[in-house]
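Residue numbers (our numbering), protein chains in the order written: chain A, 186 to 297; chain B, 28 to 141.
Accompanying notes for the structure given below.
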Amino acid sequence: KQEVTQIPAALSVPEGENLVLNCSFTDSAIYNLQWFRQDPGKGLTSLLLIQSSQREQTSGRLNASLDKSSGRSTLYIAASQPGDSATYLCAVVETSGSRLTFGEGTQLTVNP
Amino acid sequence: EAGVAQSPRYKIIEKRQSVAFWCNPISGHATLYWYQQILGQGPKLLIQFQNNGVVDDSQLPKDRFSAERLKGVDSTLKIQPAKLEDSAVYLCASSWTGPAETQYFGPGTRLLVL
C-alpha cells in the first residue's frame, strides 16, 4: 500500500526566504507526482505535475524535483511572499494509474 | 471556463440523519471524483466515475455512503445515516480522462455531524 509522508507538518518563515518542502513515498512504482496548494476553506489547486520519467518541473518561483528511486520529491519556493501562505500537498499516482494518494500536507506561513 | 461547482458549502446535521452533496464538474470532463478530507489529513478518494460508470469505489463505506452520476455529468454523494466520524470536508474534482492528469477541485462541502 502506497504511503505518502510530508515533512515538516508546519513551517513558518520570514518573507523573502527560500524554502524547501519535502515529500516521500513508499512505493517507487509511480506514474507521476503532483503538488497542490490548498487555501483555508477552499479546494485544491494544482501547482506542478512531474511525470515519472522527469527529474523536475518549474513554474515561476516554484521548482519541484523527483527522485523516484529514493522515493522523494521536493518543492522549492524562491523568494517567499505572504501570499504563498497555504497548505501544500503532494500526491502520487501509481503505475496502475488508478488513483491519487495524498500526503497530509505542510502548512506554510510566510510572515511579512 | 467555469470551475467545479459544489453545494451546499456548509452543512450541520445530527448523527443518524441523512445528507446529500451535489457536484457539477467542468464541462467535457469525463472523470469525476469524490474525496473525503478529515481535518489535518490529506484527501482520501471515496469514489471515481468515468462518464456515468464507477471505476473505483474501494474506499467508499458502502453501508452508509452512496453516490451516483446522472447522465455522466452532475453527481450526488449521500450519507445515510451519518456518524460523528463523517465530519469532514467533501471535495469533488474532475479531469478530462483519468487520475494521471491534472485534477480540478471544487471548493468543497464542510460537514459537521453533532
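C-beta atoms are modelled at their ideal positions from N, C-alpha and C, and glycine is treated no differently.
Have a look at the DSSP bridge pairing and note the partners of residue i.
i        : result
B/TYR131 : B/SER121
A/ARG257 : A/SER209, A/ASP252
B/GLN33  : B/CYS50
B/ASP83  : B/GLN75
B/GLN64  : B/VAL116
A/ALA271 : A/LEU293
A/SER281 : According to DSSP, which records beta bridges pairwise, A/SER281 is partnered with nothing at all.
A/SER244 : A/LEU247
A/PRO199 : A/ASN296
At the level of alpha carbons, what is the spacing between residue i and residue j?
i        : j        : result
A/LYS253 : A/GLN236 : 10 Å
B/LYS71  : A/GLU188 : 12 Å
B/PRO108 : A/PRO267 : 42 Å
B/ASN79  : B/SER122 : 14 Å
B/SER93  : A/SER209 : 33 Å
A/ALA214 : B/GLU41  : 43 Å
A/GLY201 : A/ILE262 : 10 Å
Determine, for residue i, whether the minimum Cβ-Cβ distance to residues of chain A falls below 8 Å.
i        : result
B/THR88  : As written in the sequence, residue 88 of chain B is Pro, which differs from the Thr given in the question. No, B/PRO88 lies away from the interface with chain A (no Cβ there is under 8 Å from its Cβ).
B/ASP83  : yes
B/ALA29  : no
B/GLY67  : yes
B/ALA127 : yes
So that I know if they touch, is there some Cβ in chain B lying closer than 8 Å to that of residue i?
i        : result
A/VAL278 : yes
A/GLY288 : yes
A/TYR216 : yes
A/ARG284 : yes
A/LYS253 : no
A/GLY256 : no
A/LYS186 : no
A/SER231 : yes
Check each candidate in the options and name the one with the smallest Cα separation from residue i.
i        : options                               : result
A/SER272 : A/GLY245, A/ILE215, A/LEU260          : Residue identity differs from the one stated: residue 272 of chain A is Thr in this sequence, not Ser. Looking at the Cα atoms, A/LEU260 is the closest of the given residues.
A/LEU229 : B/LEU139, B/LEU141, B/GLN77, B/GLY135 : B/GLY135
B/LEU145 : B/ARG36, B/GLY67, B/VAL46, B/ASP83    : Beyond the ends of chain B as shown, which are 28 and 141, falls residue 145 of chain B; an answer cannot be given.
B/SER85  : A/SER283, A/LYS227, A/SER250          : A/SER283
B/ARG91  : B/LEU97, B/ASP83, B/VAL82, B/LEU111   : B/LEU111
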